[in-house]
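Chemist:
Numbering (the working numbering), first residue to last: 28 to 350.
1. Alpha carbon to alpha carbon, how far is residue 167 from residue 326? Give it in angstroms, no decimals.
2. I think residue 271 touches residue 215, with their Cβ atoms under 8 Å apart; what is that distance to the nearest whole Å?
3. Within its chain, find whatever has a CB closer than 6 Å to the CB of residue 171; leave out the 5 residues flanking it on each side and keep chain order.
4. Report the rounded CA-to-CA distance for residue 225 versus residue 160, giving the unit in angstroms.
5. Quick one: is residue 236 buried, meaning 16 or more other Cβ sit within 10 Å of its Cβ, or exposed?
6. So, with DSSP's three-state summary, where would you put residue 174?
7. Within 8 Å, do at least three Cβ pairs link the segment 250-259 to the segment 174-189?
8. Given this structure, state the Cα-to-Cα distance separating residue 94 from residue 142, to the nearest angstrom.
9. Return the chain-ordered list of same chain residues with a C-beta closer than 7 Å to the C-beta of residue 230, the five sequence neighbours on each side being excluded.
10. Taking only runs of the alpha helix (DSSP H) that begin and end inside the segment 134-201, which ones reach a length of at least 4 residues, in chain order?
11. Helix, strand or coil for residue 90 per DSSP?
12. With a CB to CB cut of under 8 Å and the five nearest residues on each side skipped, what residues in its chain are close to residue 185?
13. Which same chain residues, not among the five before or five after residue 192, have their C-beta less than 7 Å away from its C-beta?
14. If you follow the alpha helix (DSSP H) that residue 332 is part of, which residue opens it and which one closes it?
15. Grab me the residues of residue 295's own chain with a C-beta within less than 8 Å of its C-beta, minus the 5 sequence neighbours each way, in chain order.
16. Cα separation between residue 45 and residue 239?
17. Grab me the residues of residue 228's own chain with a C-beta within less than 8 Å of its C-beta, minus the 5 sequence neighbours each way, in chain order.
18. Would residue 222 and residue 260 be called neighbours here (beta carbons separated by less than 7 Å)?
19. I'd like to check one pair, residue 115 with residue 263: are the Cβ atoms closer than 7 Å?
20. Just reading off the beta strand (DSSP E) that residue 278 is part of, what are its end residues?
21. Taking the alpha carbon of residue 302 as the reference point, which residue from 112, 330, 241, 189 has its own alpha carbon closest?
22. Which residue from 268, 96, 52 puts its Cα closest to that of residue 218?
23. If I measure Cβ to Cβ from residue 41 and keep anything under 7 Å in the same chain, skipping five residues before and after, which residues do I get?
What follows is the structure in structure tokens.
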């Protein structure tokens with residue numbers, strides 16, 4: 028998989044997917060949304076080990092400029108640009124680590140809920156239920172690897188519920204499960220395929236290679252509708268989620284599972300793209316308010332203060348230097 032992208036052969040069907048609700052419909056979803064289920068009995072998990080992070084993880088990449096964003100729309104910190112749009116497919120876990128993650132996420136499916144907001148069926152806050160997922164996304168080696176890939180210091184997002192989400196899709200005849208066209212509230216998003224294309228039909232990760240404000244003008248046959256070739260088990264994709272419209276086509280047969288990890292750059296906290304109603308549409312208003320308020324508390328030292336809120340090691344610009 029040398030090329031970063033390939034054009035999808037189902038452009039028109041991809042554009043036919045619904046978009047994430049907005050306006051009053053979004054508020055309606057927030058009023059009826061339920062927080063993730065807790066108290067689900069799960070089997071014992073294998074321990075996470077830092078050795079499960081793949082060495083020298085890297086893959087093909089695209090910059091935000093290639094999506095039409097200008098220099099004044101790209102975040103900068105003392106001359107360092109936050110300009111990575113998409114990376115992958117690549118591998119961030121060893122085969123042994125991936126095998127354990129697949130087992131853990133399969134057991135977590137019993138806690139998944141249905142949703143009509145973005146993903147049809149998903150588990151929010153997977154790290155709150157799984158010690159393995161919690162320790163993986165807060166492992167210093169894992170965070171430094173992700174940070175070096177993207178080019179900015181990254182930690183788990185301080186908003187706990189969206190930090191680790193597992194999307195489950197299964198062919199269900201007349202009502203296939205999908206991920207709607209949307210852009211993320213999170214800026215730094217990694218997706219890890221938990222099974223391969225041999226396990227399902229459909230389920231293509233599709234994105235719009237253009238600015239988000241240009242997406243409403245896309246029409247069937249538009250060559251900016253692309254498919255990211257990440258259908259192999261363990262294939263990982265980074266997406267600057269708030270700047271790219273993306274969706275997943277219907278799974279018509281079989282079963283597809285993907286872990287979505289949302290990270291956060293403390294140095295660009297003021298540019299964080301989350302809106303209250305985007306979060307509340309998935310988790311409901313009562314579950315959103317506490318985390319939202321904590322995210323807005325002022326900080327003196329971004330790297331330290333936000334790391335404490337996320338419960339993880341401090342990651343700084345110095346950690347981006349090659350060892």
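Beta carbons are placed, not taken as given, at the ideal position from N, Cα and C, and that holds for glycine.
Modeler: According to the data block:
1. 22 Å
2. No, residue 271 and residue 215 are not in contact; Cβ-Cβ is about 12 Å, not under 8 Å.
3. 346
4. 25 Å
5. buried
6. helix
7. Under the 8 Å Cβ criterion, the segment 174-189 does not count as touching the segment 250-259, having fewer than three qualifying pairs.
8. 30 Å
9. Here the set comprises 196, 275, 276, 278, 283.
10. 153-156, 158-164, 167-177, 187-190
11. In this structure, residue 90 counts as strand in the three-state DSSP scheme.
12. Result list for residue 185: 291, 318, 321, 322, 333, 336, 337, in chain order.
13. 149, 150, 151, 153, 287
14. 329-337
15. 102, 104, 109, 179, 214
16. Within the model, the alpha-carbon separation for residue 45 versus residue 239 is close to 16 Å.
17. 198, 278, 279, 280, 281
18. yes
19. Closer than 7 Å, so yes.
20. 273-291
21. 189
22. 268
23. 35, 233, 252, 274, 276
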